[in-house]
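Read through the structure below, which is laid out as structure tokens, and then see the notes.
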Amino acid sequence: MSVITAHTAGFCWGVRRAVDMVLAELKKGDDSYEVYGELVHNPQVLRALEERGVSICMTPENMNSGTLFLRTHGTTLERREQLKLLPLKIKDLTCPRVGRALAIARKKSREGHDVIILGDPLHQEVRSILSYGGERAQVISGPDEIAALSGISRPFLLSQTTQNTETFEKTKNALQEKYPNLEYTFTICNSTSLRQDELRKMCVRVDCVVVVGGRNSANTARLVEIAREEGLPSYHIETHEELDAGELKEYENILLTAGASTPSWSIREVREKLLEIQGGRLRTGKIWKLLQNAIFGNFHVLPLTFILGAAGAFILNSENWLIPAMAASLFLYGVHTVTSVLESGYSSPSRLRRQEFIRSRRNLLTICAMLAFAGSLVLSVFLNPLWPAVLGVMLALFLVYSGFARKGISSTGKSWDFP
Ligand code: SF4
Numbered sequence: 005m006s007v008i009t010a011h012t013a014g015f016c017w018g019v020r021r022a023v024d025m026v027l028a029e030l031k032k033g034d035d036s037y038e039v040y041g042e043l044v045h046n047p048q049v050l051r052a053l054e055e056r057g058v059s060i061c062m063t064p065e066n067m068n069s070g071t072l073f074l075r076t077h078g079t080t081l082e083r084r085e086q087l088k089l090l091p092l093k094i095k096d097l098t099c100p101r102v103g104r105a106l107a108i109a110r111k112k113s114r115e116g117h118d119v120i121i122l123g124d125p126l127h128q129e130v131r132s133i134l135s136y137g138g139e140r141a142q143v144i145s146g147p148d149e150i151a152a153l154s155g156i157s158r159p160f161l162l163s164q165t166t167q168n169t170e171t172f173e174k175t176k177n178a179l180q181e182k183y184p185n186l187e188y189t190f191t192i193c194n195s196t197s198l199r200q201d202e203l204r205k206m207c208v209r210v211d212c213v214v215v216v217g218g219r220n221s222a223n224t225a226r227l228v229e230i231a232r233e234e235g236l237p238s239y240h241i242e243t244h245e246e247l248d249a250g251e252l253k254e255y256e257n258i259l260l261t262a263g264a265s266t267p268s269w270s271i272r273e274v275r276e277k278l279l280e281i282q283g284g285r286l287r288t289g290k291i292w293k294l295l296q297n298a299i300f301g302n303f304h305v306l307p308l309t310f311i312l313g314a315a316g317a318f319i320l321n322s323e324n325w326l327i328p329a330m331a332a333s334l335f336l337y338g339v340h341t342v343t344s345v346l347e348s349g350y351s352s353p354s355r356l357r358r359q360e361f362i363r364s365r366r367n368l369l370t371i372c373a374m375l376a377f378a379g380s381l382v383l384s385v386f387l388n389p390l391w392p393a394v395l396g397v398m399l400a401l402f403l404v405y406s407g408f409a410r411k412g413i414s415s416t417g418k419s420w421d422f423p
């Protein structure tokens, strides 16, 4: 029995960029912040942003001041012109890959093409592309709707960035049969196509697929659709609470994947629940927890580096090895721990639990690191006078590095720490 988590599951580049930009903006001051519509289609992300003071606003005309973020899916041309006239600071978070589709639609329309958009006509991104595609632009959601197209003489096809790649191929081929002069550009984002390709490949190895993501997320819905096309039972859920233990325990191998706006903490919760359903495979005993926390807190570095120091002394045939080995081990523990505390500001789905552990005990771990540095310096006083000097220089160099590292994290805006 196993739960395989897809490598591509979770935040895509465009969503991460938008969330990071909002959080970087929040750090700047006490302005009021609103998003024009849903920043991304995931209720948990929206809730986390709301808790930080960023709410959804559908009538920015009622705002007298503040910052208005434009969502990742794009804003129609007409609406964009209206918003520019408001006394607001506009921060455009349209994903650059959506921006590319908008720019292509506008260019092709200006060149006299009849722009055909493959996508969901009710989706915000498609509405935006439509507005850039000129008056003759039309939307279809698949090859079956080609017959309904009217007044086409110079067809140009592009698609919603989260479209199913196979549907695009089928639609393009069907259009080419009807309009041999068809021109097209592939505008499906590679975050979407890679996610879909991985899912198709993994489907042969599993007997069920669980997809985590917002109900109104187009790319999440596409993943569910693909899993069903591949003949597998698939479950679209928003949170781990929706998992049906009765049904899921029947499956041997489950693939867990997620939409582009699903946060990593949500994927982890689902994974843990799935493992639990599969027979309590998660190790949650006290000794296991203690060991895990010791490793998360870097305490394993102490014995490891001590053994390394002792081994070195043994090879050199040194009798006075104990204090130098202890001093070096404390110093390395301090360096490692301060670095972990600094880096816990980044979000890395593969190290999420460790980062959460460190973030929630930042102060305690920093105190441990400082005590270790102090202990290392005190011990070095009993050694050759060169020791404290060398440790002092190393500590100074490390503090300079830490300063740069902290600056680097905040300037890239990556120090977001969602729940
Ligand atoms: S899926 Fe692609 S187009 Fe959509 S937000 Fe992510 S990176 Fe941008």
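Position 232 (the sequence shown) corresponds to 236 in our numbering; numbering is contiguous.
Note that the Cβ used here is the ideal one computed from N, Cα and C, for glycine as well.
In the DSSP annotation of this structure, Glu323 is not part of any beta strand (DSSP E), being labelled neither H nor E. Taking 8 Å as the cut-off, the beta carbon of Thr196 is found no closer than this to the beta carbon of Thr171.
Distance from the C-beta of Arg56 to the nearest heavy atom of ligand 1 is not below 7 Å.
Distances from the CB of Gly18 to the heavy atoms of ligand 1 include at least one below 7 Å.
Pairing Val274 with Asn302, the inter-Cα distance amounts to about 27 Å. Distances between the C-beta of Ser195 and the heavy atoms of ligand 1 include at least one below 7 Å. Ala329 has its Cβ no nearer than 7 Å to any heavy atom of ligand 1.
Within the same chain, Gly217, Ser221, Asn223, Thr224 come within 6 Å of Gly263 by CB-CB distance, once the 5 residues on both sides are set aside.
Straight-line spacing of the CA atoms in Gly123 and Ser154 works out to 17 Å. When DSSP assignments are scanned along the region 246-311, the uninterrupted stretches of alpha helix (DSSP H) that are 4 or more residues long and fall wholly within it turn out to be 249-252, 268-281, 290-300. Sequence-distant Cβ neighbours of Ser163 in its own chain, meaning closer than 7 Å and more than five residues away, are Ile121, Leu122, Gly123, Phe172, Thr191, Ile192.
Around the CB of Ile230, 16 or more other CB atoms lie within 10 Å, so the residue is classed as buried. Proximity of the beta carbon of Arg75 to ligand 1 is not indicated: no heavy atom of the ligand is located closer than 7 Å.
Separation of Val213 and Leu247 (C-alpha to C-alpha, rounded to the nearest whole angstrom) is 12 Å.
In terms of Cβ geometry, Leu336 and Val305 form a close pair [threshold 8 Å]. Considering only Arg366, Arg114, Leu395, the residue with the shortest C-alpha distance to Gly379 is Leu395.
With a cut-off of 7 Å, the C-beta of Arg101 is classified as near ligand 1, since at least one heavy atom of the ligand falls inside that distance. Cα atoms of Met398 and Asn321: separation of roughly 26 Å, rounded to the nearest angstrom.
Taking 8 Å as the cut-off, the Cβ atoms of Tyr239 and Asp211 do not count as close. Judged by beta-carbon spacing, Leu179 lies beyond the 8 Å limit of Arg199, meaning their Cβ atoms are not closer than that value.
Taking C-beta atoms as the reference points, Ile281 and Ala329 fail to come closer than 8 Å. Excluding the 5 residues flanking it on each side, Val339 has same chain C-beta neighbours closer than 7 Å at Phe402, in chain order.
A direct Cα-Cα distance of roughly 22 Å separates Leu90 from Arg131. With the rule of 3 Cβ pairs closer than 8 Å, the region 108-122 does not count as touching the region 51-69. Ranked by Cα distance from Ala332, the first of Glu323, Trp391, Met374 is Trp391. Counting along the chain, the unbroken alpha helix (DSSP H) around Gln86 starts and ends at 81-88.
A straight-line Cα-Cα distance of about 11 Å links Leu27 and Gly33. Counting along the chain, the unbroken beta strand (DSSP E) around Ser59 starts and ends at 58-61. A Cβ-Cβ contact shorter than 8 Å links Val7 with Ile258. If the five residues before and after Cys372 are omitted, its C-beta is found closer than 7 Å to the C-beta atoms of Thr341, all from its own chain and listed in chain order. Around the beta carbon of Gly283, a 10 Å sphere encloses fewer than 16 other beta carbons of the protein chains shown; the residue is thus reported as exposed. Membership of Leu161 in the beta strand (DSSP E) is indicated by the continuous run 159-163. The beta carbon of Val385 sits closer than 7 Å to those of Pro392, all from its chain and outside the five residues before and after it, given in chain order. The beta carbon of Ala10 sits closer than 8 Å to the beta carbons of Arg199, Glu202, Leu203, Met206, Leu259, Leu260, Thr261, Ala262 from its chain, once the five residues preceding and following it are set aside; these are given in chain order. His45 and His127 have their C-alpha atoms roughly 11 Å apart.
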